[in-house]
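Inspection log for the structure reproduced underneath, given as structure tokens.
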Amino acid sequence: MKKIKQWTLDWWLIGILVLAAFLYSWNIWEAGNANDYYTAAITSMIQSWHNFWYGAFDPAGFITVDKPPVALWFMAISAKIFGVHGWSVVLPSILFGIGSVALIYNMIKPRFNVWAARLAALALTLTPIVVADSRTNNMDATLQFFLLLASWCLMKAITNRKPWLVIMSFALIGVSFNIKMLQAFMILPALLLFFWLASKQQLWRRLATLGIALAAMAVMTLAWPLQVDSTAASQRPYVGSSQTNSEMELAFGYNGTERLLGQTTGTGAAFPGMGNSKTKATGEMNPTSGATKGNNSKTGTAPTGTKGNPPTGTKGTTGTPPGGNGGGRPGNGQGQGGTPPAGTNGKQPTVKTKSGTSTNNAPANFAEGNFKGGRGTGGGAAGGRGGGAAGGRGGGAFSIGNAGPLRLLQSDLGPQISWLAPMAIIGFISAFAYYLDRKRKWYQTTSQQNHLLFWLGWLVPVAGFFSIASFFHPYYTIMLAPPLAALFGIGTVTMFNQFKLSFKHWQSWLLPLALAATTALQTWYVSLYYQWQPILVVIAGVIGLALLFIARTKTWRKSALGVAIAAILAAPGFWSLTPTLAGSSSGIPTAGPTLLTSGGNSGGIGSGSVNSGLLKYVEAHQGNAKYLFATSNASTAAPYIIKSGKAVMAIGGFNGTDPAITLKQFKALVKSGDMKYYLSSGRSGNSKIEAWVEKVGKKVAASKYGSKTTTNAQNNQGGRMAMGGMGSGTLYELDASMVK
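Once you know that position 109 of the sequence shown is 109 in the UniProt record's numbering, the rest is easy, because the numbers rise by one and skip nothing.
Put into structure tokens, the structure is as follows:
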């Protein structure tokens, strides 16, 4: 008679899952529109199956977003059930984030032990960028879950000798491709290595299983993109962020090779410095009176005017960003930005950089001599809100630091992902030695070593890519969180067991070394933001180490280890708490102390604004037109789509530079009466259409609709990077008589 498995609750795991649920979801009702680019798409997708299938950005199905729609499908289903709200579109990311914690626990527990699994789950929960990503409607938390699910299926397949689970595992990688394209393939080396080492099948069966699995992956990978590309262009939306209206080109271009080599297509003047991660602009934040708190600040009059003087780079002098219609393109110290709206809580802090000065929401004590290591590039979203993500340093437009082997430990990316990196790396060495079977030949690995090599096979290629890549956002580093968490959990347990050995054994020194290295790295990270608090990190680390040495041969040594672990989890735990306390749900998510006094502002994509008077005017005069109006880019269009649920054409897609429509086609829309208005936002990649509109269009006086501007419930995203979209600009009326 088959024995029935008994399920027992692990209350430690339940506590960790509750902690994850709190960190990922608390204050999410302050999310505003989250990333309005994707929220606009969700608003459009729930209006028709056609839009749902293609991931259309606008209700008319003119253009898609820059990613495949699988992650958006889950968000659209949530929005269909609960309505379009910031929290409802973020809900799937929250659930997938919690699911990832449960998955990593269940991947480690069977092969190692329950404490390794608990520590890994806790480390993943307290990784700052995981918390930040799980609070947005970006695709990264969804991708992390599906990659872990694929890996879990493969491990179950090996353990239970179920070839169909191998096929399922690789098929899920194909599904993951349709979440963020080639990023999903970054763990393929780990899957292939693990299957080859761990499988007990005969060689020909192993090859056959692998061949079928790879075929399943290819089918799931290509089914949707090929269906899109094989559909006539007139029967589907234009593929956003592509130059040839092709999903395959998008996959291997914008979302493929350009991520490694730097963006080379569709940039125009949208992203100064994009693709150049070798030039680093260091900055220093100076205090001003009254840092703006994004949650509660009212938005002032949207900027208008023409290009002005560039910010100056003179120390101690704040350069004035030039005015621009609708906010213009991002400041880069060269006069590229528009003046941001004035808040009611005081001036924003100035940012001094090599190329000029700018502003960013930052803590009131983010000052030289108090809040050390100020961060900020020369300019940012919408005329100077910080530089890149979170007002971070360098790395062109995206604050990704200098390319090189230590990039992931640098001040730009390190505080988001690398707090426990020394423990994880040294932990791998410890665990691999701990599970070595000396009776076997050197090339024969144990089951535990195979699992360790899987996590290393995930970590190394991904870390290698981010160390040299030119075009990515800091929040992409969530890809590193699972292997770092897993190796931390496994390694901590094995290092503790080895620590009890005589000090004559080199393994006994690994735990003190790992704790000391981790404490040193964390002290540096904290010192970038605070003056005296790093001393607390040092004291906690020293106490943890001292207790371990004192209790090494005593019965309470486990308690000493608990104190040491608590000491090295305190700082990343605080960093992870900041998005939750700030109610942050940013288009470019990040974590850190700056969120606490900036109302969750991360200086990234996501918080567009709506001129309510303009919206009422175009709605009242839309008539039978298909579109409310056209504009150059998705940033300007997105908040109007969300607010009205009606079609707004972003003629240039995300960057404003996609060749999605020709002047001839645009004139045809005007002639047919489908397009009656054009909102000039101050920049456009399609200069022919913009020039024609400005030449023949009839300007609508602002007095006819007023200049009242409204923003998200929570203006915590700091404007769309490089996109303008401040909700204002020049409105032109168009009619058929203008077409010749």
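Note that beta-carbon positions come from the ideal geometry of N, C-alpha and C, so glycine has one too.
Quick caveat, the model's predicted, so the values are computed rather than measured.
- Which residues in the same chain have their Cβ closer than 7 Å to the Cβ of residue 153, if we skip the five residues on either side of it in sequence? 165, 168, 169, 172
- Contiguous beta strand (DSSP E) assignments of at least 3 residues, all confined to the region 533 to 598: none
- Message: Check whether the region 57 to 77 and the region 7 to 21 are in contact - that is, three or more C-beta pairs closer than 8 Å.
- Response: no
- Is residue 84 near the ligand SAM, with its Cβ less than 6 Å from a heavy atom? Because no ligand of any kind appears in the structure shown, any question about the ligand SAM cannot be addressed here.
- Message: Relative to the C-alpha of residue 405, which candidate in 421, 466, 439 has its C-alpha closest?
- Response: Taking residue 405 as reference, the option from 421, 466, 439 with the minimal CA-CA separation is 466.
- C-alpha gap between residue 571 and residue 531, whole angstroms: 14 Å
- Message: Taking the alpha carbon of residue 460 as the reference point, which residue from 623, 447, 477 has its own alpha carbon closest?
- Response: 477
- Looking at the structure shown, is residue 245 part of a helix, part of a strand, or coil, going by DSSP? coil
- Query: Closest by CA to residue 96, which one among 143, 107, 68, 65?
  - Reply: The shortest C-alpha separation from residue 96 is found at 143.
- Message: With distance defined between alpha-carbon atoms, name the residue in 735, 426, 528, 403 nearest to residue 516.
- Response: Closest in alpha carbon position to residue 516, among 735, 426, 528, 403, is 426.
- Message: Here's the rule: buried if 16 or more other CB atoms are within 10 angstroms of the residue's CB, otherwise exposed. What is residue 108?
- Response: buried
- So, using beta-carbon positions, are residue 568 and residue 636 closer together than 7 Å? no
- Can you name the start and end residues of the alpha helix (DSSP H) that residue 160 belongs to? Counting along the chain, the alpha helix (DSSP H) containing residue 160 begins and ends at 140 to 160.
- Query: Around the C-beta of residue 99, are 16 or more other C-beta atoms found within 10 angstroms, so that it is buried, or is it exposed?
  - Reply: buried
- Message: Let's see if you can read the secondary structure: which residues bound the alpha helix (DSSP H) around residue 690?
- Response: 687 to 696
- Item | Buried versus exposed call for residue 439 [16 or more other C-beta atoms within 10 Å across all chains shown] | exposed
- How many whole angstroms separate the CB atoms of residue 666 and residue 634, which I take to be in contact at a CB cut-off of 8 Å? That belief does not hold up - the Cβ atoms of residue 666 and residue 634 are roughly 17 Å apart, past 8 Å.
- Message: Going by the DSSP bridge assignment, what does residue 495 pair with across the sheet?
- Response: None; residue 495 has no bridge partner.
- Same chain, Cβ closer than 8 Å to residue 67, neighbours up to 5 away in sequence not counted: 55, 139, 179, 180, 181, 255
- Buried or exposed for residue 576, please, with buried defined as at least 16 other CB atoms from any protein chain shown within 10 angstroms of its CB. buried
- Item | For residue 464 and residue 446, the rounded distance between their alpha carbons | 26 Å
- Report yes if the C-beta distance between residue 524 and residue 486 is below 7 Å; otherwise report no. no
- Message: For residue 229, tell me which candidate among 248, 522, 213 has the shortest Cα-Cα distance.
- Response: 248
- Query: In this structure, what does DSSP give as the bridge partners for residue 619?
  - Reply: In the DSSP output, where bridge partners are listed per residue, residue 619 has none listed.
- Out of curiosity, what's the CA-to-CA distance linking residue 240 and residue 484? Using only the alpha carbons, I get a separation of about 34 Å.
- Query: Is it the case that the Cβ atoms of residue 44 and residue 59 are separated by a distance below 7 Å?
  - Reply: yes
- First and last residue of the uninterrupted beta strand (DSSP E) at residue 105: Careful: residue 105 lies outside any beta strand (DSSP E), inside the alpha helix (DSSP H) at 86 to 108.
- Classify residue 233 as buried or exposed, calling it buried when 16 or more other Cβ atoms lie within 10 Å of its own Cβ. The residue in question, residue 233, is exposed, as its Cβ has fewer than 16 Cβ neighbours within 10 Å.
- Message: Taking only three categories from DSSP, how would you classify residue 178?
- Response: Helix.
- Message: Using only CA atoms, which one of 611, 480, 207, 628 lies nearest to residue 183?
- Response: Among 611, 480, 207, 628, the Cα nearest to that of residue 183 belongs to 480.
- Report yes if the CB atom of residue 125 is closer than 7 Å to the CB atom of residue 101, and no otherwise. yes
- Query: In whole angstroms, what is the alpha-carbon distance linking residue 441 and residue 522?
  - Reply: Each residue's alpha carbon lies about 39 Å from the other.
- Three-state class that DSSP yields for residue 200 in the structure shown: coil
- Selected residue, minimal CA-CA separation from residue 401, among 185, 468, 578, 32: Measuring from the Cα of residue 401, the nearest candidate turns out to be 468.
- Item | Three-way DSSP call (helix, strand, coil) for residue 675 in this model | coil
- Per DSSP, what kind of secondary structure is residue 642 in: helix, strand or coil? helix
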